[in-house]
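Residue numbers (this note's numbering): 692 to 1094. Scroll down for the structure; my scribbles are underneath it.
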Amino acid sequence: MKYFVLIPDGMADRKIPLLGDKTPMEAAHKPTMDMLAQKSVCGTVLNVPAGMVPESDTANLAILSYDPRTYSKGRSPLEAMSLGLHMDEDDTAIRCNVVTLSEDEENYEDRIIIDHSSGDITTEEAAQLVAALNEALPMEGRKLHTGVSYRHCMLWKNADPTYNFDRPHDHLGQRIGDFLPKADNGGAEFLEFMKKGYDVLKDHPVNQARKAKGLRPANSPWLWSPGRKPALPNFAEKWGVSGAVVCAVDLIKGIGVCAGCDVISVEGATGNYYTNYTGKGLAAIEAFKSGHDFVYVHVEAPDECGHQGEAEQKVSAIEKIDAEVLAPVLAYLESTGEDFKILCLPDHPTPVEIRTHSPEPVPYFLYDSAKTVSGTIFTEDHCIAADNYNPDGSTLLADMIVR
Ligand SMILES: [Zn+2]
692 MKYFVLIPDG
702 MADRKIPLLG
712 DKTPMEAAHK
722 PTMDMLAQKS
732 VCGTVLNVPA
742 GMVPESDTAN
752 LAILSYDPRT
762 YSKGRSPLEA
772 MSLGLHMDED
782 DTAIRCNVVT
792 LSEDEENYED
802 RIIIDHSSGD
812 ITTEEAAQLV
822 AALNEALPME
832 GRKLHTGVSY
842 RHCMLWKNAD
852 PTYNFDRPHD
862 HLGQRIGDFL
872 PKADNGGAEF
882 LEFMKKGYDV
892 LKDHPVNQAR
902 KAKGLRPANS
912 PWLWSPGRKP
922 ALPNFAEKWG
932 VSGAVVCAVD
942 LIKGIGVCAG
952 CDVISVEGAT
962 GNYYTNYTGK
972 GLAAIEAFKS
982 GHDFVYVHVE
992 APDECGHQGE
1002 AEQKVSAIEK
1012 IDAEVLAPVL
1022 AYLESTGEDF
1032 KILCLPDHPT
1042 PVEIRTHSPE
1052 PVPYFLYDSA
1062 KTVSGTIFTE
1072 DHCIAADNYN
1082 PDGSTLLADM
1092 IVR
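Below is the structure:
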C-alpha cells in the first residue's frame, strides 16, 4: 500500500463576488480532484484545535498526526530545524520577515505595512539584507539566519518564547503602531531591533535597486512566532511506513525533519504562486520510486493568493495543483498495480475576503484504490453536506494508514 497526502495550503475559501459568488474550489476546473472525491470518503475536518491560532504549522502538525495541543512549539523553531540550524535549550527561534513599510511618515510607528512578503523578494537579495542587519545590529547570543525569500530565522538566547507578537500578514494596509512589540510588556529589545532594522534596510543598495525596478523594498524586519526546540515522535516508528515530505516552505520542512522524514526540496519551488508545480509532482513520484511508502506534498500557492487577495490567481493555483501535481502522481500510482490511498485537504482556509487564515474545518477526501465509495465533488459545501465531520485532524492518518 502506498499513501499520498496532498496539501493545497489555504485552498478552502468563501463565496467571492468576482468569481460569480463561487469559492475558488467551486470555480476551479480540477477534474482529477473531483473525479477522485466522487469515489472517496468525503467530509470536513478541524485541523486547528479550538483556541489555537490557525497557523500552517499547527494545522500541518495535526494532519501529520501530531496533536498541536501537545507538540506545537511555534513555527519558527521548525523553520530553524529545516535550515539545519543547531538550537540549544536556551535558544528561542523567532520568525523574521523582511516586510515592506510605507516610507513617507516621520515616525516608525506611523508607517503602513504594505506587504508582508516584500513582493516575494528573492533569497539572494534577502541574504544581503540579513547580513546587513547582523553587521549593523550585533548582539551577543543573537543572530539572524537567511531562510527563503522573505522568511528568515532569528536565534536569540533566552528571549521570551511566549512573547505575543502580532503577525504581519494580519495587518496589511494598517498603521503598524498598534501591532508592534511593546516596551511595557517585555518587548523593548524586539521593538528596538525592528526600528533600527528599518534604518539599516531603508536605503540599502538592494532596496534602491528594487525601487528602481518598480519592486517593493524589503525595508523592515518583522519579528513574530517565537518558540523553543520541538521534539516529535519518529513518524516511521509511529506508523510503520517510510515517509517523505515534499515542500518549499521552511516550517513544513521542519516538521518533516523533526519527525524523521526524508525532506525533499524541489528546484524552482518558491512557496508562492509562481512555483514549480510539475517538479513537485515528479518529486513525489521519485520519492515513491525510491522506496517511500508515504509521501506528503505541500503546496503553498493557494494560501499566498489568499493573503494577496488574488481570487482568480487562487483558482489558477488550484487548477495547476490538480493538473500538474495530483494527476501525474495518480497516473504513476495507478501504473504500479499496487493499492494506494490519496488524502487531499487544505490545512486551513485562507479566504480572499479576509486575506488571512481562518479557523473553520476544511473539506477533505480520502480515496482508497481498493475500495471506492460514493463521494461528492470536491467543494466546501459538498463536503459539509457529506455530513462526516472529524473534530480532530490529528486522527485523520489513523483512517488512512493500515497498520
Ligand atoms: Zn497554511
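We put the CB at the ideal spot given by N, CA and C, even for glycine. Just so you know, these numbers come straight off a predicted model, no measurement behind them.
Query, Result
"Beta-carbon gap between residue 933 and residue 979 smaller than 8 angstroms", "no"
"Residue 753 beta carbon near ligand 2 (any heavy atom closer than 7 angstroms)", "Ligand 2 is absent from the structure shown, which contains only ligand 1."
"Cβ neighbours of residue 916 in the same chain (closer than 6 angstroms, five flanking residues each side left out)", "765, 766, 767 and 786"
"Burial state of residue 1076, where buried means 16 or more other Cβ atoms lie within 10 Å", "exposed"
"Boundaries (first-last residue) of the alpha helix (DSSP H) holding residue 836", "Note, residue 836: premise wrong, no alpha helix (DSSP H); beta strand (DSSP E) at 833–839."
"Distance CB(residue 971)-CB(residue 937) smaller than 8 angstroms", "yes"
"Limits of the alpha helix (DSSP H) - the one that residue 671 falls within", "Outside the shown range of the chain (692 to 1094) lies residue 671, about which nothing can therefore be said."
"Sequence-distant residues of the same chain with beta carbon closer than 6 angstroms to residue 816, five excluded per side", "897"
"Bounding residues of the alpha helix (DSSP H) (the contiguous stretch that carries residue 827)", "814–827"
"Ligand 1 heavy atom lying under 7 angstroms from the CB of residue 998", "no"
"Beta-carbon proximity check, residue 935 vs residue 957, cutoff 8 angstroms", "no"
"Boundaries of the beta strand (DSSP E) in which residue 1007 is found, first to last residue", "Counting along the chain, residue 1007 falls outside any beta strand (DSSP E), though it belongs to the alpha helix (DSSP H) covering 1002–1011."
"Reference residue 792; option with closest CA among 1086, 1012 and 906", "906"
"Coil, strand or helix - residue 945 by DSSP", "helix"
"Length at least 4, wholly inside the segment 884–941: the alpha helix (DSSP H) runs in chain order", "896–903 and 926–930"
"Whether residue 1016 touches residue 988 by CB criterion (8 angstroms)", "yes"
"Residue 845, enclosing beta strand (DSSP E) - first and last residue", "842–848"
"Beta-carbon proximity check, residue 784 vs residue 771, cutoff 8 angstroms", "yes"
"Check: residue 810 C-beta below 7 angstroms from any heavy atom of ligand 1", "no"
"Three or more C-beta pairs below 8 angstroms linking the segment 851–866 and the segment 816–825", "no"
"Simplified DSSP state of residue 856, which is helix, strand or coil", "coil"
"Cβ-based neighbour list, residue 699, same chain, cut-off 7 angstroms, excluding 5 preceding and 5 following", "990, 993, 1009, 1012 and 1037"
"Distance between beta carbons of residue 845 and residue 649, contact taken as under 8 angstroms", "For residue 649 there is no data in the structure shown, the boundaries of the chain being 692 and 1094."
"Inter-stretch contact at 8 angstroms, needing at least 3 Cβ pairs: the segment 802–817 / the segment 879–886", "no"
"Neighbour-count burial assignment, residue 1073, 16 or more Cβ in a 10 Å radius", "buried"
"Cβ-based neighbour list, residue 1048, same chain, cut-off 6 angstroms, excluding 5 preceding and 5 following", "745, 1039 and 1041"
"Top-ranked residue by Cα proximity to residue 747, from 1082, 1019, 1053 and 965", "1053"
"Distance, residue 875 Cα to residue 1046 Cα", "30 angstroms"
"Near ligand 1: residue 704 beta-carbon under 7 angstroms from a heavy atom", "no"
"CB contact flag (residue 1019, residue 737, <8 angstroms)", "no"
"Beta-carbon proximity check, residue 929 vs residue 763, cutoff 8 angstroms", "no"
"Distance cut-off 7 angstroms: residue 750 Cβ against heavy atoms of ligand 1", "yes"
"Between the CA atoms of residue 868 and residue 799 - distance to the nearest angstrom", "8 angstroms"
"Close-in-space but distant-in-sequence residues of the same chain around residue 705 (CB under 7 angstroms, 5 per side omitted)", "714, 1042 and 1044"
"Closest by C-alpha distance to residue 668, when choosing among 841, 794, 847 and 1065", "The question about residue 668 has no answer here: the residues shown for the chain are numbered 692 through 1094."
"Where residue 768 falls: helix, strand or coil (DSSP)", "helix"
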